[in-house]
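See below for the structure under consideration.
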Amino acid sequence: MLVKLWLVHFKKAQVIIHQSFDSLTKDIPLECLPEDYGGSEQSIAELHAKIKKNLLENKALHEWEKTLILDEKKRPGGKFMNTDNYGADGTFKKLQLD
1 MLVKLWLVHF
11 KKAQVIIHQS
21 FDSLTKDIPL
31 ECLPEDYGGS
41 EQSIAELHAK
51 IKKNLLENKA
61 LHEWEKTLIL
71 DEKKRPGGKF
81 MNTDNYGADG
91 TFKKLQLD
């Protein structure tokens, strides 16, 4: 319940805290839950191992992504502080209706 206090107002509606397992299964079908919770999906340990394996297989990609940096000198209009056009300088034309 404390987590909801820190969430932005529009995000609060997206977070549902269930008081019982029965109320959880009303929103999430039992087939979608892991075996550990009576569902038919893989166990949490199996899912954890699968995700870990996937991350390790793609380690080179993650290391490459860390090297990507942004050159602020090339940004039109300086740093991204202009909230009028969200950094899309010169991409929109004015539309005039008769």
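Residue numbers (UniProt numbering): 1 to 98. From the three backbone atoms N, C-alpha and C, an ideal C-beta is built for every residue, glycine too.
| Check | Outcome |
| --- | --- |
| E41 - partner residues in DSSP beta bridges | P34 |
| Where the alpha helix (DSSP H) containing D27 begins and where it ends | F21 to D27 |
| L55, DSSP secondary structure in three states | helix |
| L68 - DSSP class collapsed to helix/strand/coil | coil |
| Contacts around G39, its chain only, beta-carbon distance under 7 Å, and the 5 residues preceding and following it disregarded | L30, E31, C32 and L33 |
| H62 in three-state terms, based on DSSP | helix |
| Straight-line gap, L24 to Q14 (C-alpha atoms, nearest Å) | 14 Å |
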